[in-house]
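A.B. asks: Sending over a structure as structure tokens; questions will come in a sec.
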Ligand SMILES: [Zn+2]
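In this note's numbering, the protein residues as written are 1 to 374.
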């Protein structure tokens, strides 16, 4: 069986079944390890699955991996966690190191090949540490562009819609309007329930659950090393680490530390309500002595540059419109769904091979530098 057939799945249930089997493998090293499942949302049988164990002798450190915060991106995440369990746990000392791996933080989204939750919420805009900290003008930029970001009627003719969006968004690139669009993308918006990049009006069950888990790990271990698996951003067929500005190191320093080519730093001023910043804030305020490494690892699809950015925005907008309003023609519906999959879970062999290769690179470098692998 090829590596690709072995690691990449095509349904949420298939991926979850494989994940649950990791328990036996992990118990060979951590006999106390347990599998917990947490039901999320209204639909039956959507669960977050967690395999966890403390270290056997002393809780010096923990390796923490999460997947599927953005639903559909969980397919690649599940593959990487599978790879990690097979190839890396033998290089970890269970006496001093705990383990915590998480399958499908947004199970509904993963099952339905969507990025958002069943409440249309982008989970990575939903972790507001303190809701009074949301600036009042956060929705303003978005409202200015709302004719582009809110669904308005059935998809009638995909070629026309695409051309129109490209022209509108492309025109924006030339003037300040484009900055408004980019801000809306980064900051999210908290007003339009059917719009793209919606951060929600209340905390999602998944967000509450992850926050509790962050707290538990920070309180139990001296060092927490977290890798959160995502797809789409960054150069095609390469991994990019997205690191919070709470990490005091410069980009160049981080590149050298982890031997990685692609590092992006982001600030809470540009991206609102994301889980990594929440993690760092919680650490700084309540567990200042705990060492935390936490970053997103993205497997690039469309690539970088203005054209790729336009293609991404167009895909996100059309998929959202399709979800809420439908399409008149079946072939248009198919086109949008395929393009969405091209963005977050491509079928191409090249891409899938690159995920495995780049994941090994990131795991090797990060976990060695952080003292997890020996
Ligand atoms: Zn993501």
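From the three backbone atoms N, C-alpha and C, an ideal C-beta is built for every residue, glycine too.
1. Kindly confirm or deny that the region 109 to 126 and the region 70 to 83 touch, where touching means at least three C-beta pairs closer than 8 Å.
2. Tell me which same chain residues have a C-beta within less than 7 Å of the C-beta of residue 183, skipping the five on either side of it?
3. Excluding sequence positions up to five away, which residues of its chain have a Cβ less than 7 Å from the Cβ of residue 191?
4. Classify residue 107 as buried or exposed, calling it buried when 16 or more other Cβ atoms lie within 10 Å of its own Cβ.
5. Assign residue 65 to one of three DSSP states: helix, strand, or coil.
6. Could you give the DSSP three-state label for residue 223: helix, strand or coil?
7. Given the structure, does residue 124 come close to ligand 1, in the sense that its CB is under 7 Å from one of the ligand's heavy atoms?
8. Identify whether residue 164 lies in helix, strand or coil by the three-state DSSP scheme.
9. To which residues of the same chain is residue 280 closer than 6 Å at the C-beta, ignoring the five residues directly before and after it?
10. Since residue 127 contacts residue 211 with CB under 8 Å, what's their CB separation in whole angstroms?
11. Just to be sure I understand the criterion: a residue counts if its Cβ is closer than 5 Å to at least one heavy atom of ligand 1. Which residues meet that?
12. I'd like to check one pair, residue 122 with residue 199: are the Cβ atoms closer than 8 Å?
13. Quick check: residue 228 and residue 297, are their CB atoms within less than 8 Å of each other?
14. Roughly how many angstroms separate the alpha carbons of residue 189 and residue 314, rounded to a whole number?
15. For the putative contact between residue 89 and residue 103, defined by C-beta atoms under 8 Å, what is the C-beta separation to the nearest angstrom?
16. Alpha carbons only, please: which of 369, 145, 16 is nearest the one belonging to residue 171?
17. Measure from the alpha carbon of residue 459 to the alpha carbon of each residue in 262, 249, 308, then state which is nearest.
18. If I measure Cβ to Cβ from residue 205 and keep anything under 6 Å in the same chain, skipping five residues before and after, which residues do I get?
19. Any chance you could list the alpha helix (DSSP H) runs of at least 4 consecutive residues sitting entirely within the region 82 to 118, in chain order?
20. Just checking, does the region 47 to 63 make contact with the region 19 to 39 on the three C-beta pairs under 8 Å criterion?
21. Can you tell me whether residue 162 is buried or exposed? The criterion is at least 16 other CB atoms within 10 Å of its CB, across all chains shown.
22. Work out the CA separation of residue 64 and residue 312 for me, nearest whole Å.
23. Comparing alpha-carbon positions, which option in 56, 3, 11 lies nearest residue 27?
24. On a CA-only basis, which of 92, 352, 224, 197 is nearest residue 301? Give me that one, please.
25. Put residue 308 into one of helix, strand or coil per three-state DSSP.
26. Could you pull the start and end residues of the alpha helix (DSSP H) that residue 204 belongs to?
C.D. replies: On the basis of the data shown:
1. Contact holds: three or more Cβ-Cβ distances are below 8 Å.
2. Working through the chain shown from its first residue, we reach residue 183 at position 183. Excluding positions up to five away in sequence, the list reads 141.
3. Translated into the one-based positions of the chain shown, residue 191 becomes position 191. Close CB contacts of residue 191 within its chain, under the 7 Å cut and outside five residues either way in sequence, are with 139 (chain order).
4. Within the chain shown, residue 107 is the residue found at index 107, counting from 1. Counting the other CB atoms within 10 Å of its CB gives residue 107 a total of 16 or more, which places it among the buried residues.
5. Residue 65 sits at position 65 when you count from the first residue of the chain shown. Of the three classes helix, strand and coil, the one that applies to residue 65 here is strand, per DSSP.
6. Here residue 223 corresponds to residue number 223 of the chain shown, with the count starting at 1. Of the three classes helix, strand and coil, the one that applies to residue 223 here is strand, per DSSP.
7. For this step, residue 124 is matched to residue 124 along the chain shown. Closer than 7 Å to some heavy atom of ligand 1: that describes the Cβ of residue 124.
8. Reading the chain shown from its first residue, position 164 is the one you call residue 164. DSSP places residue 164 in the helix class (H, G or I) of the three-state scheme.
9. If you number the chain shown from 1, residue 280 lands on position 280. Result list for residue 280: 244, 246, in chain order.
10. Along the chain shown, one-based indexing puts residue 127 at 127. Along the chain shown, one-based indexing puts residue 211 at 211. So it is a contact: roughly 7 Å between Cβ atoms.
11. Selection output, chain order preserved: 70, 73, 230.
12. Here residue 199 refers to the residue found at position 199 of the chain shown. Here residue 122 refers to the residue found at position 122 of the chain shown. Result yes, Cβ atoms of residue 199 and residue 122 sit closer than 8 Å.
13. Sequence index remark: in the chain shown, residue 228 carries index 228 (1-based). Sequence index remark: in the chain shown, residue 297 carries index 297 (1-based). Yes, they are a contact pair.
14. For the purposes of this step, residue 189 is identified with residue 189 of the chain shown, where counting begins at 1. For the purposes of this step, residue 314 is identified with residue 314 of the chain shown, where counting begins at 1. Their Cα atoms are separated by approximately 18 Å.
15. Locating residue 89 in the chain shown gives position 89, counting from the first residue. Locating residue 103 in the chain shown gives position 103, counting from the first residue. In this structure residue 89 is not in contact with residue 103, their Cβ atoms being roughly 16 Å apart against a cut-off of 8 Å.
16. Taking the chain shown and counting its residues from 1, one reaches residue 171 at position 171. Between residue 171 and the set 369, 145, 16, the nearest pair of CA atoms involves 145.
17. Shown here, the chain extends from 1 to 374; a query on residue 459 therefore has no answer.
18. Taking the chain shown and counting its residues from 1, one reaches residue 205 at position 205. 40, listed in sequence order.
19. Here the runs fully enclosed are 107 to 111.
20. Remark: three or more beta-carbon pairs, one from each stretch, lie closer than 8 Å, so the region 47 to 63 and the region 19 to 39 are flagged as touching.
21. Here residue 162 refers to the residue found at position 162 when the chain shown is read from its first residue. A buried status is given to residue 162, since no fewer than 16 other beta-carbon atoms sit within 10 Å of its beta-carbon.
22. One-based indexing of the chain shown puts residue 312 at position 312. One-based indexing of the chain shown puts residue 64 at position 64. Rounded to whole angstroms, residue 312 to residue 64 spans 29 Å at the Cα level.
23. One-based indexing of the chain shown puts residue 27 at position 27. With distances taken between Cα atoms, residue 27 lies closest to 56.
24. On the chain shown, position 301 is the one that residue 301 refers to. Ranking 92, 352, 224, 197 by CA distance to the CA of residue 301 puts 352 first.
25. On the chain shown, position 308 is the one that residue 308 refers to. Here residue 308 sits in helix by DSSP.
26. Numbered from its first residue, the chain shown carries residue 204 at position 204. It is not in any alpha helix (DSSP H) - residue 204 carries neither H nor E in the DSSP assignment.
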